[in-house]
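Heads up: the protein sequence lines correspond to chains A and B, in order. Mapping of the first sequence onto numbering that gives the first Met the number 0: position 136 corresponds to residue 135, and the numbering continues sequentially without gaps. Mapping of the second sequence onto numbering that gives the first Met the number 0: position 243 corresponds to residue 242, and the numbering continues sequentially without gaps.
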Amino acid sequence: MSVATADTTSAADGPRGRKPRRTLSRRNIILYGTLFVVAVYYLLPLYVMVVTSLKGMPEIRLGHIFAPPVEITFQPWVKAWAEACTGLNCDGLSRGFWNSVRITVPSVILSIAIASVNGYALANWRFKGAEVFFTILIVGAFIPYQVMLYPIVIILREIGLYGTLTGLVLVHSIFGMPILTLLFRNYFASLPEELFKAARVDGAGFWGIYLRIMLPMSLPIFVVAVIIQITGIWNDFLFGVVYTKPDLYPMTVQLNNIVNSVQGVKEYNVNMAATLLTGLVPLLVYFVSGKLFVRGIAAGAVKG
Amino acid sequence: MNLTVPSSASVSVQGLSLDFGAVSVLKSLNLDIADGEFVVLLGPSGCGKSTLLNCIAGLLDISDGRIFIKGKNVTWQEPAERGIGMVFQSYALYPQMTVEKNLSFGLRVAGTPKDEIARRIARAAEILQIEPLLQRKPAALSGGQRQRVAIGRALVRDVDVFLFDEPLSNLDAKLRSELRVEIKLLHRKLKNTMIYVTHDQIEAMTLADRIAVMRGGVIQQFDAPPVIYNRPVNRFVAGFLGSPGMNFLEGRLEDGKGGWHFAADGISIPLSTYGFERNPVAGSAAFGIRPEHVALNSGEDWPFSMTATVEVVEPMGSDTLVWLLVAGQKFSVRVGAERAPAAGETVTIGFDPMRASLFDGEAGKRI
């Protein structure tokens with residue numbers, strides 16, 4: 000050892016252990032700088048909305064849209080929720096909110112219940128014609144909605160569901176089917192096949208395996224499906240406006256009617272508050288689900 | 000085709016075929032397994048051994064043939080109705096259930112009374128020594144414990160036939176040999192019929208009453224382990240079993256003065272002590288002999304002996320494998336570590352053709 004160190008002094012002074020990294024390196028400054036700018040750029044509109052919704056109209060007319068409110072008022076929020084007029088009704092967004100709830104909840108439950116069984120059957124019980132069925136379903140996902148709008152109007156009219164919430168729930172459930180089935184099929188296909196075999200040897204049937212083995216293992220993918228459906232259906236405008244009537248308009252349609260009303264003064268603060276109220280539900284869903292959502296997205300990643 | 004069911008047979012497979020589209024996975028396969036017998040299905044991956052097991056279990060729909068379990072035609076029955084229990088390579092424990100719930104799942108599905116379930120679980124847990132684990136989830140178990148629970152799941156259902164699908168392949172070498180012994184003890188205790196799929200020849204040799212060596216969806220040989228090892232019916236079986244593998248010398252079978260002999264590039268091995276399976280015909284052939292059946296510098300008198308130069312020496316701990324060139328072909332000899340020669344040394348090798356296997360040149364069938 001002593002001979003070696005005498006010959007090569009540099010070896011003794013050379014690097015050893017963890018490579019040091021400076022916190023304020025050029026790389027870090029550029030990286031975090033870019034992230035900061037992008038974050039601000041993205042959050043700025045939200046900031047403006049929140050700030051404006053808390054101002055009174057006189058303050059808004061001053062035109063300082065970035066300035067925080069001098070005098071905070073919740074009056075615009077109250078008005079947006081309970082007093083704003085759309086057409087003949089002057090009970091604000093609350094009516095639309097409850098309509099949306101009555102549309103979203105059954106649609107989410109119905110579509111996920113059917114699609115999960117679909118996906119399970121396709122992944123585990125390879126019945127005759129399964130591939131063809133699956134292909135048709137996937138092709139369905141690529142047909143533009145506009146093409147089907149009018150035919151569905153006729154179908155709903157014929158079965159007497161046009162202009163009802165039930166009809167809209169049905170439409171949402173059907174349109175959610177391709178992507179949800181794909182999601183569930185891929186998730187169930189990723190579970191070990193031997194589990195399914197073991198359950199069959201244990202004597203469980205189609206529903207037994209689904210309810211007692213598969214369902215308890217599928218929480219992440221159900222969370223993903225719930226999020227996709229809640230946000231998708233809550234944010235829907237087109238189907239809501241086409242298949243229901245004014246009394247039953249979902250929140251998004253009512254929001255549009257409030258914001259785009261041509262009579263009177265434009266109440267920016269009320270409009271902002273109404274928009275935030277409408278967006279609150281999907282936002283809450285994202286916040287609450289958080290980690291589970293990421294896990295589920297990774298698990299149900301689209302493959303084969 | 001033989002349509003009678005052997006009365007002593009526990010599992011009987013008759014003319015079983017399975018096709019996936021145009022691909023034929025199992026080809027008109029026959030297999031009779033006696034009551035209480037431990038049969039190992041052995042073969043390289045893709046030979047159809049797991050597929051055959053899945054067919055017996057009823058997890059795959061077969062294309063043709065019949066399957067009998069305990070004399071009952073179960074060809075069209077559901078897996079749960081066949082009186083089988085199955086243990087999988089990946090354990091396949093239900094992750095959300097405790098060990099106890101895992102064990103009882105099949106019984107609960109069948110609607111067994113509660114006290115009966117408790118009694119059977121207690122018995123299985125005692126046999127497998129998993130009593131302290133009953134309230135744990137599978138995630139909190141080690142690989143060996145998981146596999147024990149998986150065996151327990153078959154045990155509680157009081158089945159006639161146990162099916163094992165490579166149950167030890169996911170375990171490390173030490174655990175594998177421990178559980179191998181446990182499975183053997185379990186079989187001795189329960190005396191159930193067991194069918195065990197593996198690609199590991201050690202497992203096959205140690206566990207089996209009889210081994211079915213498979214290739215390409217066809218059973219090549221179905222016999223007791225020593226017979227399979229010492230008298231393989233063809234070159235594939237001879238080469239698949241044994242580690243290090245059997246030596247094969249390519250040459251010709253000739254009838255000359257002094258009787259039949261095997262000739263290859265300058266050597267001639269007399270076959271007067273070899274037990275022919277069928278009448279020999281002159282022509283190309285392969286001469287196979289296992290490395291441990293060749294003596295090195297023994298000083299004894301062998302029916303065949305020659306000198307050769309050591310090419311490579313491979314120490315394997317307990318033994319050493321010595322590689323030579325015989326008739327210009329690679330040839331290995333297994334010797335005790337203490338008697339190992341060095342590379343480049345000239346040695347004498349000798350063996351008795353009685354222990355060898357001769358295969359014909361075309362089909363590779365035993366002569």
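Glycine included, each C-beta is placed from N, C-alpha and C at the ideal position.
Which of helix, strand or coil DSSP assigns to residue i
i, result
"B/Val-332", "strand"
"B/Met-193", "strand"
"B/His-260", "strand"
"A/Ile-208", "helix"
"A/Pro-143", "coil"
"A/Gly-303", "The predicted position of A/Gly-303 is uncertain, since its pLDDT is 35 and thus under 50; a value taken from the coordinates is nonetheless stated next. Reduced to three states, the DSSP call for A/Gly-303 is coil."
"B/Phe-67", "strand"
"B/Val-22", "strand"
"A/Ala-3", "Residue placement at A/Ala-3 is flagged as unreliable, the pLDDT there being 47, under the threshold of 50; a coordinate-derived value is accordingly withheld."
"A/Gln-253", "helix"
"A/Val-284", "helix"
"B/Met-96", "coil"
"B/Gly-255", "strand"
"B/Ser-49", "helix"
"A/Ile-71", "coil"
"B/Ile-61", "coil"
"B/Pro-243", "coil"
Short CB-CB distance (under 7 Å) between residue i and chain B
i, result
"A/Val-301", "Annotation note: pLDDT 45 at A/Val-301 (below 50); position unreliable, coordinate value reported separately. False, the Cβ-Cβ gap to chain B never drops below 7 Å."
"A/Pro-215", "yes"
"A/Ala-203", "yes"
"A/Ile-212", "yes"
Close Cβ partners of residue i (< 6 Å) along its chain, the five nearest in sequence each way excluded
i, result
"A/Ser-115", "Phe-183"
"B/Met-204", "Pro-224"
"B/Val-217", "Lys-26"
"B/Gly-250", "Phe-261, Ala-262 and Ala-263"
"B/Leu-59", "Asn-53"
Proximity test, Cβ basis, 7 Å: residue i and chain A
i, result
"B/Met-193", "no"
"B/Ser-9", "no"
"B/Pro-302", "no"
"B/Met-85", "yes"
"B/Gly-143", "no"
"B/Pro-367", "Residue numbering for chain B in the displayed model covers 0 to 366; residue 367 of chain B lies beyond these limits and cannot be assessed."
"B/Ser-103", "no"
"B/Ser-168", "no"
"B/Val-108", "yes"
"B/Gln-146", "no"
"B/Gln-134", "no"
"B/Gln-200", "no"
"B/Gln-95", "yes"
Opposing strand residues paired with residue i [DSSP bridges]
i, result
"B/Ile-32", "B/Val-10"
"B/Glu-249", "B/Ala-285"
"B/Gly-84", "B/Phe-161"
"B/Trp-322", "B/Val-311 and B/Ser-331"
"B/Ala-139", "Bridge partners of B/Ala-139: none, in fact."
"B/Asn-278", "Bridge partners of B/Asn-278: none, in fact."
"B/Phe-350", "B/Phe-303"
"B/Lys-364", "B/Asn-233"
"B/Leu-133", "In DSSP, B/Leu-133 forms no bridge with anything."
"B/Gln-220", "B/Val-212"
"B/Thr-111", "The partner list for B/Thr-111 (beta bridge, DSSP) is empty, contrary to what the question assumes."
"B/Phe-386", "Absent from the model: residue 386 of chain B. The displayed extent of chain B is 0 to 366, so no value can be given."
Close beta carbons around residue i, own chain, < 7 Å, minus the five adjacent residues each side
i, result
"B/Gln-367", "Residue coverage of chain B in this structure runs from 0 to 366, which leaves residue 367 of chain B outside it and unanswerable."
"B/Leu-92", "Asn-101, Pro-137, Arg-145, Val-148 and Ala-149"
"B/Arg-209", "Glu-36, Val-38, Phe-221, Asp-222 and Ala-223"
Near the ligand PLP: residue i beta-carbon under 6 Å from a heavy atom
i, result
"B/Trp-75", "The ligand PLP is absent from the structure shown, which contains no ligands of any kind."
Proximal residues to residue i (C-beta, below 8 Å), its chain only, five neighbours per side dropped
i, result
"B/Asn-233", "Gln-219, Gln-220, Phe-358, Ala-362, Gly-363, Lys-364 and Arg-365"
"A/Lys-244", "Gly-162"
"B/Gly-343", "Thr-308 and Val-309"
"A/Arg-17", "none"
"B/Ala-108", "The identity of residue 108 of chain B in the sequence shown is Val, whereas the question assumes Ala. Answer for B/Val-108: Ala-79, listed in chain order."
Contact with chain C by residue i, beta-carbon distance below 7 Å
i, result
"B/Ala-91", "Reference to chain C is not applicable here, since the protein chains of this structure are A and B."
Note to self: Using a Cβ-Cβ cutoff of 8 Å, what residues of the stretch 179 to 200 of chain A are near chain B? List them in chain order.
What the structure shows: Pro-191, Glu-193, Leu-194, Lys-196, Ala-197, Ala-198, Arg-199 and Val-200
Notebook entry, point to check: Which residues, in order along the stretch 43 to 73 of chain B, keep a beta-carbon less than 9 Å from a beta-carbon of chain A?
Noted result: Asn-53, Ala-56, Gly-57 and Leu-58
Next item on the list: Select from the stretch 269 to 288 of chain B all residues with a C-beta closer than 7 Å to any C-beta belonging to chain A, and list them in chain order.
Entry: none
Note to self: For the stretch 307 to 320 of chain B, list every residue whose C-beta sits within 7 Å of some C-beta in chain A, in sequence order.
What the structure shows: none
Next item on the list: Could you name the residues of the stretch 216 to 246 of chain B whose beta carbon sits closer than 8 Å to any beta carbon of chain A, in the order they occur along the chain?
Entry: none
Check: Of all the residues that make up the stretch 102 to 129 of chain A, which are near chain B by a beta-carbon distance shorter than 8 Å?
Finding: none
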